[in-house]
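Data block below; observations after.
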Amino acid sequence: MQKHVIMVCDHIHESGLKMLESQPDIEYINAADLPKDELLKVIGKADVAITRSSTEVNEAFLQAATNLKALVRAGVGVDNVDIEGCSKRGIIVMNVPTANTIAAVELTMAHMLSCMRAFPYAHNHLKLERVWKREKWYGYELKDKKLGIIGFGNIGSRVGIRAKAFEMDVVTYDPYIEPSKATDLGVEYTTNFDDILACDVITIHTPKNHETIGMIGKEEIAKMKEGVVLINCARGGLYDEEALVEGLKSGKIRFAGIDVFTKEPATDNPLLDLDNVTVTPHLGANTYESQYKIATQAAQQALDAARGISYPNALNLPIRENEIPEYAKAYLELVQKIGFLAAQANKGAIKSLRIVGEGEIGEYIDSLATFAAVGALKEALGENINYVNAEFVAKERGIDIQKEAVPSKGAFKNKVTVRLTTDNGVVEIGGTIFNDNVQRIVEINGFALDVEPKGRMILFKNTDVPGVIGDVGRILAEHQVNIADFRLGRDKSGMALAVIIVDNDVSEEVLEELDALEASVYVKYVIL
Numbered sequence: 006m007q008k009h010v011i012m013v014c015d016h017i018h019e020s021g022l023k024m025l026e027s028q029p030d031i032e033y034i035n036a037a038d039l040p041k042d043e044l045l046k047v048i049g050k051a052d053v054a055i056t057r058s059s060t061e062v063n064e065a066f067l068q069a070a071t072n073l074k075a076l077v078r079a080g081v082g083v084d085n086v087d088i089e090g091c092s093k094r095g096i097i098v099m100n101v102p103t104a105n106t107i108a109a110v111e112l113t114m115a116h117m118l119s120c121m122r123a124f125p126y127a128h129n130h131l132k133l134e135r136v137w138k139r140e141k142w143y144g145y146e147l148k149d150k151k152l153g154i155i156g157f158g159n160i161g162s163r164v165g166i167r168a169k170a171f172e173m174d175v176v177t178y179d180p181y182i183e184p185s186k187a188t189d190l191g192v193e194y195t196t197n198f199d200d201i202l203a204c205d206v207i208t209i210h211t212p213k214n215h216e217t218i219g220m221i222g223k224e225e226i227a228k229m230k231e232g233v234v235l236i237n238c239a240r241g242g243l244y245d246e247e248a249l250v251e252g253l254k255s256g257k258i259r260f261a262g263i264d265v266f267t268k269e270p271a272t273d274n275p276l277l278d279l280d281n282v283t284v285t286p287h288l289g290a291n292t293y294e295s296q297y298k299i300a301t302q303a304a305q306q307a308l309d310a311a312r313g314i315s316y317p318n319a320l321n322l323p324i325r326e327n328e329i330p331e332y333a334k335a336y337l338e339l340v341q342k343i344g345f346l347a348a349q350a351n352k353g354a355i356k357s358l359r360i361v362g363e364g365e366i367g368e369y370i371d372s373l374a375t376f377a378a379v380g381a382l383k384e385a386l387g388e389n390i391n392y393v394n395a396e397f398v399a400k401e402r403g404i405d406i407q408k409e410a411v412p413s414k415g416a417f418k419n420k421v422t423v424r425l426t427t428d429n430g431v432v433e434i435g436g437t438i439f440n441d442n443v444q445r446i447v448e449i450n451g452f453a454l455d456v457e458p459k460g461r462m463i464l465f466k467n468t469d470v471p472g473v474i475g476d477v478g479r480i481l482a483e484h485q486v487n488i489a490d491f492r493l494g495r496d497k498s499g500m501a502l503a504v505i506i507v508d509n510d511v512s513e514e515v516l517e518e519l520d521a522l523e524a525s526v527y528v529k530y531v532i533l
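If you're matching positions, the sequence shown starts at 6 in this note's numbering and goes up one per residue.
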């Protein structure tokens with residue numbers, strides 16, 4: 006079995022490493038302790054790389070990474086990744102955007118409370134100087150203060166929810182969200198940035214780009230209230246640091262809570278010389294819980310990418326991210342998995358691929374077709390298939406890609422279906438997304454099912470007669486194959502299709518024994 010090579014370039018939690026080590030089709034290389042010049046000598050072996058902030062994915066890295074097909078940035082920020090350079094080389098770049106959400110939210114609240122009560126200074130006065138002077142440390146309450154939140158995404162919105170629990174009045178500015186996302190939470194939504202500048206406390210939660218660098222500068226600070234409190238636990242450089250220092254020295258800004266700096270490590274930053282600043286060394290993701298989530302999610306993304314199953318949170322897709330709603334992104338990932346599954350279940354030379362988008366999701370049929378083609382062709386052709394070249398490769402090989410958007414006509418508001426025709430026959434698989442982005446396969450070749458598209462699966466079609474399930478269970482038990490889930494679909498013609506999710510790899514011997522059962526029509530083994 007040819008193994009995919011995944012190289013870990015920076016330190017991640019051991020939970021992610023164990024996931025990679027346990028995969029029989031993966032060659033895992035831990036290069037986290039290598040000097041970066043030595044890393045360049047071995048990165049050429051990698052099909053997929055996992056990096057953090059310590060590795061610069063620059064021109065030198067990309068020139069050395071001759072086999073790289075995907076890169077996972079284990080964290081949110083991709084400031085150290087040359088995304089354009091990766092795109093030119095067909096390398097898909099992914100990040101892990103939500104794993105440290107709660108850690109960043111809670112750190113923001115910690116800085117907010119520390120600033121309002123001067124907590125670190127009162128602590129040091131007593132503990133380090135051994136001075137008991139209560140009258141020196143009068144603070145302010147969060148209750149009834151107005152909080153301005155710049156950016157109301159995963160982190161900003163959760164800060165808003167917690168601030169409401171402190172009985173603060175909350176207003177947000179974010180031109181990239183629907184106002185209802187804020188108003189449904191009892192948060193005021195504004196399109197006038199001056200409404201934010203008029204708040205008692207201001208916190209920023211935006212990505213770092215040409216629009217946001219220095220977005221709070223001298224002019225903006227001049228418009229703020231006397232004694233405003235500023236918080237930045239997002240990215241360094243969103244506040245103009247020179248203007249921030251000036252505002253803190255003058256008293257215009259009463260206090261600031263800063264976790265991120267323009268240049269890091271920030272051991273000589275002038276903010277550290279002021280006595281009205283709480284600072285932390287970029288701790289936004291530094292909780293044990295978030296490190297576990299970052300590592301396991303990054304490892305799973307790397308495994309999916311190495312196998313060509315999907316590329317979750319890809320940042321350089323041939324679609325405009327801000328033009329695709331969240332619900333549609335979930336369907337893009339699902340349809341790629343379905344394409345990959347269909348190609349495994351119907352091995353052979355692909356003749357055609359038909360993609361149907363049913364319901365509102367049909368508006369994105371072109372993107373659905375691209376993602377389905379990546380999944381199917383990656384499995385069938387074993388080449389460097391990506392979102393840019395998938396349809397071109399299909400056309401070059403005479404594979405007919407058909408797409409159709411139709412109104413919703415069944416039990417599901419939205420549904421995607423992939424019909425794959427090879428020289429061995431036809432397989433048709435449909436899927437949908439339930440609440441909270443729960444992916445489900447709901448139909449295989451006309452059999453209604455409810456299957457999570459994940460893990461090792463045996464597809465077993467049989468005549469619907471007594472004793473079959475018992476025979477299947479016996480054979481698997483004899484070979485020490487544990488059943489994790491068993492889903493059954495039946496039709497009116499006397500046929501049944503079982504999808505058996507198992508914990509262990511399944512050998513050819515097991516598949517042959519299952520296929521030898523009198524009731525068997527076919528047995529297929531797929532891995533997602």
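Yeah, the Cβ is synthetic: ideal placement off N, Cα and C, and Gly gets one too.
Relative to the alpha-carbon of residue 366, which residue among 34, 329 and 247 has its alpha-carbon at the smallest distance?
Taking the sequence shown and counting its residues from 1, one reaches residue 366 at position 361. Here the closest residue by C-alpha is 329.
Measuring CA to CA, which of 514, 261 and 20 is closest to residue 249?
On the sequence shown, residue 249 is found 244 positions in, with the first residue counted as 1. The shortest Cα separation from residue 249 among 514, 261 and 20 belongs to 261.
In whole angstroms, give me the CA-to-CA distance for residue 179 and residue 81.
Along the sequence shown, one-based indexing puts residue 179 at 174. Along the sequence shown, one-based indexing puts residue 81 at 76. Rounded to whole angstroms, residue 179 to residue 81 spans 19 Å at the Cα level.
Start-end ranges of the beta strand (DSSP E) lying completely within the segment 241-305, minimum 3 residues:
258-263 and 282-284
Boundaries of the beta strand (DSSP E) in which residue 467 is found, first to last residue:
Position 462 of the sequence shown, counting from 1, holds the residue named residue 467. Segment 461-468, the beta strand (DSSP E) holding residue 467.
Can you tell me where the beta strand (DSSP E) with residue 237 in it begins and where it stops?
Start at 1 with the first residue of the sequence shown, and residue 237 comes out as number 232. Note, residue 237: beta strand (DSSP E), 233-237.
Test item: CB-CB of residue 356 and residue 426 under 7 Å
By 1-based counting over the sequence shown, the position of residue 356 is 351. By 1-based counting over the sequence shown, the position of residue 426 is 421. Against a cut-off of 7 Å, the Cβ pair of residue 426 and residue 356 comes out as a contact.
For residue 341, which of helix, strand or coil comes out of DSSP?
Here residue 341 refers to the residue found at position 336 of the sequence shown. Of the three classes helix, strand and coil, the one that applies to residue 341 here is helix, per DSSP.
Can you name, in chain order, every residue of its own chain whose Cβ lies under 7 Å from the Cβ of residue 127, other than the five neighbours on each side?
Working through the sequence shown from its first residue, we reach residue 127 at position 122. Cβ neighbours of residue 127 beyond the five flanking positions: 142.
Could you name the residues that DSSP lists as bridge partners for residue 527?
The residue given as residue 527 occupies position 522 in the sequence shown. Answer is 466, bridged to residue 527.
Using CA coordinates, which residue listed in 431, 506 and 192 is at the minimum distance from residue 172?
For the purposes of this step, residue 172 is identified with residue 167 of the sequence shown, where counting begins at 1. Comparing Cα-Cα distances from residue 172 to each of 431, 506 and 192, the minimum goes to 192.
Our contact map puts residue 64 next to residue 85 with C-beta atoms below 8 Å; I'd like the distance itself, whole angstroms only.
Here residue 64 refers to the residue found at position 59 of the sequence shown. Here residue 85 refers to the residue found at position 80 of the sequence shown. Contact doesn't hold; Cβ gap of about 13 Å is too wide.
Is residue 359 helix, strand or coil when you go by DSSP?
Along the sequence shown, read from residue 1 onward, the residue named residue 359 stands at position 354. Correct three-state label for residue 359: strand.
Spatial distance of residue 432 from residue 350 (CA atoms)
Taking the sequence shown and counting its residues from 1, one reaches residue 432 at position 427. Taking the sequence shown and counting its residues from 1, one reaches residue 350 at position 345. When rounded, the distance between both Cα atoms is 7 Å.
Close-in-space but distant-in-sequence residues of the same chain around residue 223 (CB under 6 Å, 5 per side omitted)
On the sequence shown, position 218 is the one that residue 223 refers to. Cβ within range, chain order: 248.
Only counting runs of 4 or more residues, tell me where the alpha helix (DSSP H) segments fall wholly within the segment 494-527, in order along the chain.
513-520
Determine the extent of the alpha helix (DSSP H) in which residue 42 is found, giving its start and end residues.
By one-based count along the sequence shown, residue 42 stands at place 37. It spans 41-47 - the alpha helix (DSSP H) in which residue 42 sits, taken as one unbroken run.
Please tell me whether residue 464 and residue 504 are closer than 7 Å, where the distance is taken between their beta carbons.
Within the sequence shown, the letter at position 459 stands for residue 464. Within the sequence shown, the letter at position 499 stands for residue 504. Contact flag set, yes.
Could you check the C-alpha separation between residue 169 and residue 439 for me, to the nearest Å?
As a first step, residue 169 is located in the sequence shown; it is residue number 164 there, counting from the start. As a first step, residue 439 is located in the sequence shown; it is residue number 434 there, counting from the start. C-alpha separation (whole angstroms): 29 Å.
Report the CB separation of residue 559 from residue 37 in whole angstroms; it is logged as a contact under 8 Å.
This structure cannot speak to residue 559, because the chain is shown only from 6 to 533.
Could you check the C-alpha separation between residue 89 and residue 67 for me, to the nearest Å?
Here residue 89 refers to the residue found at position 84 when the sequence shown is read from its first residue. Here residue 67 refers to the residue found at position 62 when the sequence shown is read from its first residue. Rounded to the nearest angstrom, the two C-alpha atoms are 11 Å apart.
Is it right to say residue 392 is buried, meaning 16 or more other beta carbons lie within 10 angstroms of its own, or is it exposed?
The residue given as residue 392 occupies position 387 in the sequence shown. By the neighbour-count rule (16 or more Cβ atoms within 10 Å), residue 392 is buried.
Examine the Cβ distances between the segment 272-292 and the segment 304-313 and report whether three or more of them are shorter than 8 Å.
no
Flag this pair as touching only if the segment 144-157 and the segment 99-112 have three or more C-beta atom pairs under 8 Å; answer yes or no.
no
Determine the direct distance from the alpha carbon of residue 273 to that of residue 286, and round the result to whole angstroms.
For the purposes of this step, residue 286 is identified with residue 281 of the sequence shown, where counting begins at 1. For the purposes of this step, residue 273 is identified with residue 268 of the sequence shown, where counting begins at 1. When rounded, the distance between both Cα atoms is 12 Å.
For residue 344 and residue 377, what's the separation of their Cα atoms in angstroms?
As a first step, residue 344 must be located in the sequence shown, where it is residue number 339. As a first step, residue 377 must be located in the sequence shown, where it is residue number 372. Going by the C-alpha atoms only, they are around 5 Å apart.
Once the 5 residues before and after residue 46 are set aside, which same chain residues still bring their CB inside 8 Å of it?
The count along the sequence shown starts at 1 and reaches residue 46 at position 41. Same-chain partners within the cutoff: 69.
Note down the Cα distance separating residue 417 from residue 364, rounded to an integer number of angstroms.
Taking the sequence shown and counting its residues from 1, the one referred to as residue 417 is at position 412. Taking the sequence shown and counting its residues from 1, the one referred to as residue 364 is at position 359. Between residue 417 and residue 364, the C-alpha separation is close to 8 Å.
I'd like the list of long-range same chain contacts for residue 499, defined as Cβ closer than 7 Å, with 5 residues on each side in sequence excluded.
If you number the sequence shown from 1, residue 499 lands on position 494. These residues qualify, in order along the chain: 468 and 469.
DSSP bridge partner residues for residue 178 (one or two, in chain order):
Walking along the sequence shown from the start, residue 178 turns up at place 173. Looking at the DSSP assignment, residue 178 forms a beta bridge with 155 and 195.
Alpha carbon to alpha carbon, how far is residue 30 from residue 18? Give it in angstroms, no decimals.
The residue labelled residue 18 in the question sits at position 13 within the sequence shown. The residue labelled residue 30 in the question sits at position 25 within the sequence shown. Roughly 21 Å between the two C-alpha positions.
Would a C-beta distance cut-off of 7 Å place residue 100 and residue 83 closer than the cut-off?
Working through the sequence shown from its first residue, we reach residue 100 at position 95. Working through the sequence shown from its first residue, we reach residue 83 at position 78. Yes. Within cutoff.
Starting from the Cα of residue 509, find the closest Cα among 530, 497 and 408 and give me that residue.
For the purposes of this step, residue 509 is identified with residue 504 of the sequence shown, where counting begins at 1. Taking only the C-alpha atoms, the option nearest residue 509 is 530.
Taking all protein chains shown into account, do 16 or more other C-beta atoms lie within 10 angstroms of the C-beta of residue 245, making it buried, or fewer, making it exposed?
Counting from 1 along the sequence shown, the entry for residue 245 is found at position 240. Classification of residue 245: buried, given that the 10 Å Cβ count is 16 or more.
Assuming residue 2 and residue 354 make a contact with CB atoms under 8 Å, what is their CB distance in whole Å?
Given a span of 6 to 533 for the chain in the structure shown, any question on residue 2 remains unanswerable.
Just the Cα atoms here: how many angstroms apart are residue 174 and residue 419?
Numbered from its first residue, the sequence shown carries residue 174 at position 169. Numbered from its first residue, the sequence shown carries residue 419 at position 414. Looking at the two C-alpha atoms, the distance is approximately 38 Å.
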